[in-house]
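Report on the structure given below.
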Amino acid sequence: RMTDAIFFTIVERGKANRILEQAQKIGAQSGTIILGHGTSRSRFRATRHLGQRTKEILMISAEEQLASQLHEMVASTFALNKRHRGIAFTIPFSEGGWSELATPAAWNLIITIVDRGQSEACIKSARSAGAKGGTVISGRGAGIPAHYYADLAIEPQKEIILILTPAQTTDEVKRRIIADLDLQRTGGGMLFVLSVTETTGLVEESKRGVR
3 RMTDAIFFTI VERGKANRIL EQAQKIGAQS GTIILGHGTS RSRFRATRHL GQRTKEILMI
63 SAEEQLASQL HEMVASTFAL NKRHRGIAFT IPFSEGGWSE LATPAAWNLI ITIVDRGQSE
123 ACIKSARSAG AKGGTVISGR GAGIPAHYYA DLAIEPQKEI ILILTPAQTT DEVKRRIIAD
183 LDLQRTGGGM LFVLSVTETT GLVEESKRGV R
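Under this note's numbering, the first residue of the sequence shown carries the number 3, and numbering increases by one thereafter.
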């Protein structure tokens, strides 16, 4: 069967295995868990430093219907629809690679690949353009299955930054990161945008609006 989507969830360390166990009970075949760290502003940290928390990123290949069931499961069983419990999102995927949507998505995933040590600058640039934060993965794939990045030359000394943005701010966030990190120079890094078809845990941001 062709895979319609990749279901992602980003949660606190120690939770991804439990989510995967529940996912397999409702039809998921397998999943991949990798470590990263989330970034957040904290009133209890120096204002010029970003808070960092270890995160687990769980990726599950799924048909569209199963992906929707996984969103329902993480909301009902793990309360990901509440603040600070984690987030989940789905990206369309086919045998040929990442897919584009026929209609514009409400949310997009900006993936930036830069030299190690530049992730904090990337997150700060994104925030200045309206993004809320992001998740950083170090090293080549850090355990990501090869077919997810078959067309990308990701080297061990690189960092991968995942940033979810509402559609209306995606272009500005993208422009700011490219300009501030000088990604257009040779070897400067790369950035691309993927459409997101479904989200869990981002409701509060959309209700409050982008600041």
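We treat Cβ as the ideally placed atom computed from N, Cα and C, and that holds for glycine.
Keep in mind it's a predicted model, so treat the numbers as computed, not measured.
Q: Kindly confirm or deny that the segment 109-119 and the segment 18-34 touch, where touching means at least three C-beta pairs closer than 8 Å.
A: no
(Q) Helix, strand or coil, according to DSSP, for S32 in the structure here? (A) Within the sequence shown, residue 32 is the residue found at index 30, counting from 1. Here S32 sits in coil by DSSP.
Q.
Please identify the residue among E161, I113, V13, A90 whose C-alpha is closest to the C-alpha of S70.
A. Taking the sequence shown and counting its residues from 1, the one referred to as residue 70 is at position 68. The candidate whose alpha carbon is nearest that of S70 is A90.
**Q.** Close Cβ partners of H39 (< 8 Å) along its chain, the five nearest in sequence each way excluded
**A.** Here residue 39 is taken as the residue at index 37 of the sequence shown, counted from 1. Q54, R55, T56, K57, T137, V138, listed in sequence order.
Q. What does DSSP give as the partner residues of P94 in its beta bridges?
A. Walking along the sequence shown from the start, residue 94 turns up at place 92. Note: P94 sits in a beta bridge opposite A7.
Q: May I ask you to list the residues that DSSP assigns as paired with E74?
A: As a first step, residue 74 must be located in the sequence shown, where it is residue number 72. Answer by DSSP bridge pairing: none, since E74 is not bridged.
Q. Looking at the structure shown, is E207 part of a helix, part of a strand, or coil, going by DSSP?
A. One-based indexing of the sequence shown puts residue 207 at position 205. Any answer about E207 is weak, because its pLDDT of 46 lies below 50 and its placement is not dependable; what the coordinates show is given next. In the structure shown, E207 sits in a helix (DSSP, three-state: H, G or I).
Q. Using DSSP with H/G/I as helix, E/B as strand and the rest coil, what is E66?
A. Residue numbering aside, residue 66 sits at position 64 when the sequence shown is read from its first letter. Reduced to three states, the DSSP call for E66 is helix.
Q) Ordered along the chain, which non-local residues of its own chain (more than five positions away) have a Cβ less than 8 Å from that of Q120? A) Position 118 of the sequence shown, counted from the start, is the residue given in the question as residue 120. Same-chain partners within the cutoff: E161, L183, G191.
(Q) Please state the DSSP three-state secondary structure of D182. (A) Within the sequence shown, residue 182 is the residue found at index 180, counting from 1. D182 falls in the helix class under three-state DSSP.
Q) So is K27 buried or exposed if we call it buried at 16+ other beta carbons inside 10 Å? A) The residue given as residue 27 occupies position 25 in the sequence shown. Per the 10 Å Cβ criterion, exposed.
Q | Short CB-CB distance (under 8 Å) between I21 and chain B | A | Protein chain content of the structure displayed is limited to a single chain, and chain B is not contained in it.
Q: Could you please give the first and the last residue of the uninterrupted alpha helix (DSSP H) stretch that includes L83?
A: By 1-based counting over the sequence shown, the position of residue 83 is 81. The amino acid at residue 83 is misidentified as Leu; the sequence shows Asn. Run containing N83: none; DSSP gives neither H nor E here.
Q.
At the level of alpha carbons, what is the spacing between S197 and E174?
A. In the sequence shown, residue 197 corresponds to position 195, counting from 1. In the sequence shown, residue 174 corresponds to position 172, counting from 1. Taking the straight line joining both Cα atoms gives about 16 Å.
Q. Whole-angstrom Cβ separation of T92 and F9, contact assumed at under 8 Å?
A. Looking up residue 92 in the sequence shown gives position 90. Looking up residue 9 in the sequence shown gives position 7. With a Cβ gap of about 5 Å, T92 and F9 count as contacting.
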